[in-house]
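Note sheet for the following structure.
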Amino acid sequence: MGALKPWHILVLVVVLVLLFGAKRLPDAARSLGRSLRIIKAETKGLADDDVDAKAEAQSGRAPLSGTIDDNKPSPAPTVDPVNRVHER
C-alpha cells in the first residue's frame, strides 16, 4: 500500500506540469536547489560557530593570577579641563 510505483511518479509529474506550466518548473527547481544550498551552508556555519564558541569558552577558564592589595589607596579622580570650561 505504501510503495511508490512508477505510475505514481508519472501522475505527479503530469499534475505539476498542468499546475505550473513547463516554463516555470525549471526555474522553480533551480530556486529550490539554491535555497537548499543556502540552508545547508548556514547550518554548517552554525555548527562551526558552536565548536568555536566551546573552544573559546574552554580556553577562557584559566584562573586569575595576582594579589589584591586592600591597603593601597585608590587613585585620585582625574578632572577633564574641557568639561570645567563648559560648566562655568
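Residue numbers for the sequence shown follow the working numbering, beginning at 1301 and rising by one.
For every residue, glycine included, the Cβ atom is placed at its ideal position computed from N, Cα and C.
For clarity, every value in this text was computed on a predicted model and none was experimentally measured.
Quick check on the DSSP output: the alpha helix (DSSP H) that includes Leu-1304 runs from which residue to which? As a working mapping, residue 1304 is identified with position 4 in the sequence shown. Taken as a continuous stretch (DSSP letters only), Leu-1304 belongs to no alpha helix (DSSP H), as it is neither H nor E.
Note down, in chain order, each residue of its chain lying with its Cβ closer than 8 angstroms to the Cβ of Leu-1316, except the 5 sequence neighbours on either side. The residue you call residue 1316 lines up with position 16 of the sequence shown. Cβ neighbours of Leu-1316 within its own chain (closer than 8 angstroms, five residues either side excluded): Leu-1325.
Pop quiz: Phe-1320 and Ala-1328 are said to be a contact at Cβ under 8 angstroms. What is the actual Cβ separation, rounded to whole angstroms? Residue numbering aside, residue 1320 sits at position 20 when the sequence shown is read from its first letter. Residue numbering aside, residue 1328 sits at position 28 when the sequence shown is read from its first letter. Confirmed, about 7 angstroms.
How long is the line joining the alpha carbons of Ile-1309 and Thr-1343, rounded to whole angstroms? Numbered from its first residue, the sequence shown carries residue 1309 at position 9. Numbered from its first residue, the sequence shown carries residue 1343 at position 43. In this structure, the straight-line span from the alpha carbon of Ile-1309 to that of Thr-1343 is close to 31 angstroms.
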